[in-house]
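Engineer: Mind having a look at this structure? Questions to follow.
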Amino acid sequence: MTEALLEIRSLEVAFGGFRALDGVDLTVGRGELRFLIGPNGAGKTTLIDVITGLTRPTGGSVRFEGHDLLGRREHEIVRLGVGRTFQTSVVFEELTVLENLDLAASFRRPLWSLLRRRRGVSEEVTAALETTGLASLAGSKAGVLSHGQRQWLEIGMLIVQRPRLLLLDEPVAGMSSGERERTGELLTEVARDHTVIVVEHDMDFLRRYASQVTVLHEGRVLTEGSVEQVRADPRVQEIYLGR
Ligand code: ADP
């Protein structure tokens, strides 16, 4: 049994009288690549928003490496080691790929190190260029990248900050099939050193790259298991696959 990195218990989020999350329990072990699926409105983004401090729940608990995350501000949660991507892009188009990575890496360096003269490219930035396959584009402005390359850069900008938990919101949305494949490989590689939770709709993608899947439906965990187990569940077929 892997050690739990993230433990969510009885999580509730109400918007007015509407419960977007209605008693969610979720445990993610260290080193897992977990996929979170469910139809629109199931509560996936709300769950990610609670973990990252963007939305305050009305009940329940969220523990990360033994720290209680509830009540903490977003930047504190980032500092504890939780990184996320958003559906909207956060790259600086006028900066090069290398400069974007370097800037992201600087967020975790102590302030005094910014005052010293910079000496070349840091180890984590070089490693991120390799992992994301963007080394040959290091000197290109981020504004010229394809949609897929931009997503990989964003993942690179997360990993240079050395998070222990990465939350990725629909990383393959809008990608070509070649880009999807490359992203699947990238996620598999990133998951070797990190715990990753991926919100994803694409069933073909899941079949190829997912090991553990959690299905959310109407603010609750409907079921969990391997892709095959989840797909075989008649309730999942009805609400999700049978559309
Ligand atoms: P998913 O990501 O699975 O599509 P969301 O977490 O975005 O689902 O939304 C879950 C439900 O909560 C939806 O019915 C949505 O309309 C509602 N919701 C999300 N955010 C808010 C908000 N800020 N105010 C009111 N309702 C919201």
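If you're matching positions, the sequence shown starts at 28 in this note's numbering and goes up one per residue.
Backbone N, C-alpha and C define an ideal beta-carbon position, used for all residues, glycine too.
What distance in whole Å lies between the Cβ atoms of V109 and I64, which are believed to be in contact at a cut-off of 8 Å?
Structural biologist: Stepping through the sequence shown from its first residue, residue 64 is reached at position 37. Stepping through the sequence shown from its first residue, residue 109 is reached at position 82. Wrong, their Cβ atoms sit about 21 Å apart, outside the cutoff.
Engineer: Spatial neighbours of P198 within its chain, please: CB distance less than 8 Å, with the 5 preceding and 5 following residues excluded, ordered by chain position.
Structural biologist: Position 171 of the sequence shown, counted from the first residue, corresponds to residue 198. Closer than 8 Å at the Cβ level, and outside the excluded window around P198, lie T112, Q178, I182, T210, L214, V225, E227.
Engineer: Is there contact between the segment 232 to 242 and the segment 38 to 48, where contact requires at least three CB pairs shorter than 8 Å?
Structural biologist: With a cut-off of 8 Å, the segment 38 to 48 and the segment 232 to 242 do not count as touching, because too few Cβ pairs lie within range.
Engineer: Mind checking H221: buried by the 16 CB within 10 Å criterion, or exposed?
Structural biologist: In the sequence shown, counting from the first residue as 1, residue 221 sits at position 194. Buried, by the Cβ-count rule.
Engineer: Could you tell me the alpha carbon to alpha carbon distance between T61 and L53, rounded to whole angstroms?
Structural biologist: The residue given as residue 61 occupies position 34 in the sequence shown. The residue given as residue 53 occupies position 26 in the sequence shown. At residue 61 the sequence reads Arg, which differs from the Thr that was named. Each residue's Cα considered, the two are about 11 Å apart.
Engineer: Report buried or exposed for E157, applying the criterion of at least 16 other Cβ atoms within 10 angstroms of its Cβ.
Structural biologist: Numbered from 1 along the sequence shown, position 130 holds the residue referred to as residue 157. Result: exposed.
Engineer: Near I104, what residues of its chain come up, given a Cβ to Cβ distance below 7 Å and the 5 sequence neighbours on each side ignored?
Structural biologist: Taking the first residue of the sequence shown as 1, we reach residue 104 at position 77. Same-chain partners within the cutoff: T79, G80, L96.
Engineer: Should T73 be listed as close to the ligand ADP, given that the test is whether its C-beta is under 7 Å from any heavy atom?
Structural biologist: Taking the first residue of the sequence shown as 1, we reach residue 73 at position 46. It does: the Cβ of T73 is within 7 Å (strictly closer) of some heavy atom of the ligand ADP.
Engineer: Compute every distance between the C-beta of A69 and the non-hydrogen atoms of the ligand ADP, then say whether any falls below 7 Å.
Structural biologist: Here residue 69 corresponds to residue number 42 of the sequence shown, with the count starting at 1. Yes; taking the cut-off as 7 Å, the Cβ of A69 has a heavy atom of the ligand ADP nearer than that.
Engineer: Quick one, are the C-beta atoms of E25 and G170 less than 8 Å apart?
Structural biologist: With the chain covering 28 to 270 only, the question about residue 25 has no answer from this structure.
Engineer: Residues in its own chain within less than 8 Å of V217 by CB, not counting five upstream and five downstream?
Structural biologist: In the sequence shown, counting from the first residue as 1, residue 217 sits at position 190. Cβ within range, chain order: T158, I182, I186, L193, V223.
Engineer: With burial defined as no fewer than 16 other Cβ atoms inside 10 Å of the residue's Cβ, what is the status of Q188: buried or exposed?
Structural biologist: Numbered from its first residue, the sequence shown carries residue 188 at position 161. It counts as buried.
Engineer: Between I35 and G70, how many whole angstroms is the CB-CB distance? I'm expecting something under 8 Å.
Structural biologist: For the purposes of this step, residue 35 is taken as the residue at position 8 of the sequence shown. For the purposes of this step, residue 70 is taken as the residue at position 43 of the sequence shown. So it is not a contact: roughly 12 Å between Cβ atoms.
Engineer: So, T250 versus R262, is the Cβ gap smaller than 8 Å?
Structural biologist: Position 223 of the sequence shown, counting from 1, holds the residue named residue 250. Position 235 of the sequence shown, counting from 1, holds the residue named residue 262. It is a contact, given that the beta carbons lie within the stated cut-off.
Engineer: Under the assumption that K168 contacts T123 (Cβ atoms under 8 Å), give the Cβ distance between them as a whole number of angstroms.
Structural biologist: Start at 1 with the first residue of the sequence shown, and residue 168 comes out as number 141. Start at 1 with the first residue of the sequence shown, and residue 123 comes out as number 96. K168 to T123, Cβ: 6 Å. Contact.
Engineer: Measuring alpha carbon to alpha carbon, tell me which of H94, M184, Q176, R191 ends up nearest M202.
Structural biologist: On the sequence shown, residue 202 is found 175 positions in, with the first residue counted as 1. Comparing Cα positions, the closest option is Q176.
Engineer: Give the range of the beta strand (DSSP E) segment to which E92 is assigned.
Structural biologist: By 1-based counting over the sequence shown, the position of residue 92 is 65. Taken as a continuous stretch (DSSP letters only), E92 belongs to no beta strand (DSSP E), as it is neither H nor E.
Engineer: In terms of residue numbering, what span does the alpha helix (DSSP H) encompassing S37 cover?
Structural biologist: Within the sequence shown, numbered from 1, the residue matching residue 37 stands at position 10. S37 -> not in any alpha helix (DSSP H); beta strand (DSSP E) instead, spanning 31 to 42.
Engineer: Going along the chain, which residues of its own chain have a beta-carbon closer than 7 Å to the beta-carbon of D229, five neighbours each way excluded?
Structural biologist: Taking the sequence shown and counting its residues from 1, the one referred to as residue 229 is at position 202. Excluding sequence neighbours, D229 sits near V199.
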